[in-house]
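**Student:** Residue numbers (the working numbering), protein chains in the order written: chain A, 1 to 370; chain B, 371 to 740; chain C, 741 to 1110; chain D, 1111 to 1480.
Sharing a structure, written as structure tokens. Questions coming.
See below:
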């Protein structure tokens, strides 16, 4: 049994963490920190917790929070804000799992280029371990600070990592066309997030300039440069074309275009990958199956494409693909629930790893359907 | 650990039962019976179970089902069909929880009037115990056959039962205006259930002639006639005006109008109750609080009205009300998830009672929000 | 050809007026006044007007608006705000159609009671003509100031007016359970109007205390007191029980409960009316048909209930009903598009009347389906 | 005034044609032919036409249809079925606008390859004129048989045609990631089109093998081979690199992946186009503006991306783009209403051309928003 606190408890990621954690058999929820709602009862803001273990829980202000009493802190805060609070908490005892973008890049200059401001705690970046479980499981187990991946990033990396070393693949020009439900935008009061502006509509936004595009490209290149070679999750399973591994320069280029779609939860990433020579569905399927045979939360579909409804409400990713012989491209479709495998679920998976719990505890729910 | 089977596993209620049961720590899923999909893998029809305990489960035909191997059978079948299958299974050993309308009326003639055909197993009706847990907990514990209540009925009865004996209430003309999500209509191929016909639309249907209206009225009258007096859940808590209890004739008349609303899950019942003399919000609140203080799954809101989003995905009911002094009426708003407290969740609650498990095991999830 | 201006052009009602008016063959759009967007091109805020006659139209500030250049002004402003601007414009030449609640009550004290603040222009209230066309057509033709009815009010009055003099009806306790799409709440930045808070959810709000409930009750009583007797639209058609008409006191009491439903447009009002003696479907149908036989925009359904999808995007109301012999009540279901017959469409209908155009010009569109 | 009939009147495209045509000032609707509903009143199937000019219109069977009485026939039928009926009607007098895929390919063998069966009327294919107005206006004016383009095809071609001759573009590997509302699937009773299966979900389907992908590729190649050179709509406006025009072989290769999104109407196509050398936003914008400056129904956005809500309910296409310098690709986003510019609206535009009416008559409506 561990004591767990959440900073930023009343945002959508915070509320999803509470939903998962208050049922987790190894977790005691300690403090819920909220700037906007300190002093209030949680159930007055989120009435769904009436009758649950959190029925009487109050939200507190950061200044009243004693980090030492927790074994683990989740920080669910905007980027830029998060780094300062993590810096304040780091070293006081508890492990930290940060759900912002602040600690996902080992290269501070790339972070600064894409986020548009200076990183004030570059020393902490070195401590941070990238929290994509399937990529980095062994390092996460010993991490003091985990940088939980972005939602679009998780959907995309799970689809791309198995193929990135595939000798027939041409990773120079990966196109990711991703579609997200509205919860990904958080609980912010913006006109374009009103029901009347979003329902029955659809749009692309930030093509080529969304930060998650840079995160995907960054991690793929880190991977190809060997940053994750200790972990053989992927490497051991595919035929690595070592001539591919020029560690000096970027090997992968990603063009990423996100879209807003009128659903609540779920990301569907459609990924286009060129091949340099002809392949086959069987060959590609084998690569995926080798990569994910042992992974509970990544399900590879042999002969159909995944749909949001089959994963929304669960921590599962589902991946399907089509090899198009005519154009010699692979179309990969990857779906996750952005609140779960794309945020809070993956964070709990990281927590389970760090504290030695079974990786799937608290995360076994299947999709809520219909 | 008990062995549980489901007949009618691939309908929406069946799939919801599977979702709940495969995570239930005291349950082993034994057989999944499906007429339409016998022989297929469950995950080929419902891919959300990939990676779960049900990953390799096959659906079987009824003729291959051995009732004796189960401790409990859920029958999730259309009315009319269910009674024959229950009759075939009854007495072979397993307890049965039936989710159809076939065993909800102790008076076969009322059933026949509203369902429009003969009941072929009136003898079994006598064995059936009405499965509204909050009303009938003690009898359910010893039942061999439970008649799980209708979804609209559950939302309405939980709101009305506490007030039905309130001496200031006039139960002669209760109006229930209920709104349901589309999952309540099941997975049937009807033109009016197509997305294009339902989305961005809304309609009333079957005003005054929906079977659930008769079920609500029937149970309320049964209750007033003393059929549930052994169970003091409600009676002990309110000031009963015994002059009200003319056991010879109906005391309650219900006009019920359901509506179809473009959401997936959830019933919101708005109920209008006349008062014979002035009351107050405080007086009414006390009646509700006394009725439900000890009930985990029924949450009474003191000063706000419930919303679907706070219960969808959970087994909780939430009830709020407004006393309108000007017209001397009470407006009660009651919300449940029709798939959970309105069907599969309540059925699992019944199972927990019968087998002596804690009533909330497998049912603690809070609403999936956002 | 008349010159028409809109004050409050960029709210949802304003944009709907523009949509209708820029295609109206007798209308030239003169000025579009907007507080928040003065100086901007309309198409930069509402890109749907690209390529239309309004492609180059700029929004202007109220201070730059010359009332005299217009033949008609629509004021689409919040209540409280509207009365002052109408007072400023009134008498400068143009006719005014006001879409706020400020001029709908001839009795200022009732307005003040329900709106909670003082009316600053009671003298103008006397000039205002209530703009429910089917009720008040002849007076509207000569009006200088029209008070366009509320959206819920229009749906409810069209359903109730034909029956309010029906001698078998008991108007003392009318219950209106109304459901509205989200556009009715306007383009305001409120957390509860975010997509994530509204989609897949539903709620009741303001039961018994919503202003539209008072407006419905007020107009019905005005009608029974003879305020609309010059206009025989309804009176000439139904058997009036004159003993019903006690002009001294209110005859009608309305309990009104609105609900928010996740659709964009549309109001569905389910209305419950007690009868004092038995009636029949045929008798009631005849009353409706007599009332609306000559009305293009009110369609009476003989044997089915209306649905939102059949009127959303059109100026039509559709009304159906069920006579419930068992409880001796009538259940009436009335649907309109809140943006059209419930606001901008009805305002254009009023404009057509005032300027002697055919009443249906610019309003013939049928529902946009699917 | 012309007499117009519709074969296949009760499908979604048929009903959209009726919506447009019954308000068209130059059109008299003659016969509505329906296989499934012959003999019924239109308003009993589509109650939205109550109170309109079509209030008393009956649906008739094909055998009772006299082609000679019409000046124009729209055939809104499934492919395969349509060709036989068109063959039967052709030459009897009326012009025909066919909305199926049967006459869109001048090369019958390509049609047969993608549609999977033999074309039974290859002689008629030669008579058919491809009905993308912006591409083929002059030929359409004299056509006896118009092949109205597919919905995905219209959205994609309008975005691609201006760039296909751009000398910096590499048309060898165009990727089109398209997202469609559910109305595109028609009114067919399929389980995966139920509200409960579609709402809050999303999926890709038929990647690389959808017929509309082949239609896009086919028309682009036809265009590059000179099939549309008489019409200088595009050619005259862009700098054509004639070395590009190898008429012997295909120049363009398209990978097309459609997605189903839970909205009613609207297609959003996100198109990825490689460049062979660096370009600039200004250069690309100029190409688009030259192509569409004179086109009312195609709006080019200079500095923002289009959204479905700005065109749903209208015949307008809106196109925006982003030049991504980093990867030297253009991302083009094109939106249309699949029922209007993608089907019935474009068909009416074709009708206006053929009969010499102003091209925009009956099509001026802007988007229905909110």
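Think of the CB as a built atom: it goes at the ideal place given N, C-alpha and C, for glycine as much as any other residue.
Which of the three DSSP states, helix, strand or coil, is assigned to residue 395/B?
**Tutor:** coil
**Student:** Nearest-angstrom Cα distance between residue 870/C and residue 876/C?
**Tutor:** 7 Å
**Student:** For the region 447-464 of chain B against the region 491-498 of chain B, are there 3 or more C-beta pairs whose distance is under 8 Å?
**Tutor:** yes
**Student:** Is the shortest distance between the beta-carbon of residue 1293/D and the beta-carbons of chain B less than 7 Å?
**Tutor:** For residue 1293/D, the answer is yes, since a Cβ of chain B falls inside 7 Å of its Cβ.
**Student:** Determine contact between the region 350-367 of chain A and the region 8-25 of chain A, defined as no fewer than three beta-carbon pairs at a distance below 8 Å.
**Tutor:** yes
**Student:** According to the neighbour-count rule (16 or more other Cβ atoms, all chains shown, within 10 Å of its Cβ), is residue 84/A buried or exposed?
**Tutor:** exposed
**Student:** At least one CB of chain D closer than 7 Å to the CB of residue 204/A: is that the case?
**Tutor:** yes
**Student:** Would you identify the three-state DSSP class for residue 1369/D, choosing helix, strand or coil?
**Tutor:** strand
**Student:** Please identify the residue among 1249/D, 1142/D, 1122/D and 1120/D whose C-alpha is closest to the C-alpha of residue 1113/D.
**Tutor:** 1142/D
**Student:** Applying a beta-carbon distance threshold of less than 8 Å, which residues of chain A neighbour residue 931/C?
**Tutor:** 187 and 189
**Student:** Helix, strand or coil: how does DSSP classify residue 227/A here?
**Tutor:** coil
**Student:** Under the three-state reduction of DSSP, which class applies to residue 892/C: helix, strand or coil?
**Tutor:** helix
**Student:** Helix, strand or coil for residue 743/C, going by three-state DSSP, please let me know.
**Tutor:** strand
**Student:** Would you check if the region 630-650 of chain B and the region 530-546 of chain B touch, i.e. whether three or more CB-CB distances between them fall below 8 Å?
**Tutor:** yes
**Student:** For residue 1151/D, would you say it is in contact with chain B, using Cβ-to-Cβ distances shorter than 7 Å as the test?
**Tutor:** no
**Student:** Report, in whole angstroms, the separation of the C-beta atoms of residue 503/B and residue 669/B, which I expect to be a contact under 8 Å.
**Tutor:** About 15 Å separates the two Cβ atoms, so there is no contact after all.
**Student:** Measuring straight from C-alpha to C-alpha, what distance separates residue 64/A and residue 795/C?
**Tutor:** For residue 64/A and residue 795/C, the distance between alpha carbons rounds to 56 Å.
**Student:** Alpha carbons only, please: which of 325/A, 98/A, 341/A and 68/A is nearest the one belonging to residue 1318/D?
**Tutor:** Looking only at 325/A, 98/A, 341/A and 68/A, the smallest Cα-Cα distance to residue 1318/D is reached by 325/A.
**Student:** Mind checking if residue 847/C is an interface residue toward chain B, Cβ cutoff 7 Å exclusive?
**Tutor:** no
**Student:** Pop quiz: residue 1371/D and residue 1312/D are said to be a contact at Cβ under 8 Å. What is the actual Cβ separation, rounded to whole angstroms?
**Tutor:** 6 Å
**Student:** Quick one: give me the first and last residue of the beta strand (DSSP E) that residue 1151/D is part of.
**Tutor:** Element bounds for residue 1151/D: n/a, residue is neither H nor E.
**Student:** Which residues share a DSSP beta bridge with residue 1047/C?
**Tutor:** 573/B
**Student:** So, with DSSP's three-state summary, where would you put residue 209/A?
**Tutor:** In the three-state reduction of the DSSP assignment, residue 209/A falls in the coil class.
**Student:** Tell me the DSSP secondary structure of residue 1018/C in three-state form.
**Tutor:** Looking at residue 1018/C - three-state DSSP - the assignment turns out to be coil, as it is neither helix nor strand.
**Student:** Kindly examine the ligand NAD and report whether one of its heavy atoms sits closer than 6 Å to the Cβ of residue 812/C.
**Tutor:** This structure simply doesn't include the ligand NAD, nor any ligand for that matter.
**Student:** For residue 1053/C, which residues in the same chain have their Cβ closer than 8 Å to its Cβ, ignoring the five residues on either side in sequence?
**Tutor:** 1005, 1077, 1080, 1105, 1106, 1107, 1108 and 1109
**Student:** Is any beta-carbon of chain G found at less than 7 Å from that of residue 1434/D?
**Tutor:** Going by chain labels, chain G is absent from the structure shown, which instead holds the protein chains A, B, C and D.
**Student:** Need the endpoints of the beta strand (DSSP E) that residue 690/B sits in, please.
**Tutor:** 687-694
**Student:** For the region 1139-1172 of chain D, which residues have a beta carbon sitting closer than 8 Å to at least one beta carbon of chain C?
**Tutor:** 1156, 1157, 1158, 1159, 1160, 1161 and 1162
**Student:** List, in chain order, every chain D residue whose beta-carbon is nearer than 8 Å to that of residue 752/C.
**Tutor:** 1480
**Student:** So which residues of chain A does residue 1287/D contact, with C-beta pairs closer than 7 Å?
**Tutor:** 177 and 270
**Student:** Quick check on residue 221/A: buried or exposed, where buried means 16 or more other Cβ atoms within 10 Å of its Cβ?
**Tutor:** The residue is buried, with at least 16 neighbouring Cβ atoms inside 10 Å.
**Student:** Using the three-state DSSP reduction, which class does residue 1443/D fall into: helix, strand or coil?
**Tutor:** Secondary structure of residue 1443/D (DSSP, three-state): strand.
**Student:** Using a C-beta cutoff of 7 Å, does residue 1306/D count as contacting chain B?
**Tutor:** yes
**Student:** Residue 686/B: buried (16+ other C-beta within 10 angstroms of its C-beta) or exposed?
**Tutor:** buried
**Student:** Residue ranges of each alpha helix (DSSP H) run of no fewer than 4 residues wholly in the region 85-153 of chain A, ordered along the chain?
**Tutor:** 108-115, 122-125 and 133-141
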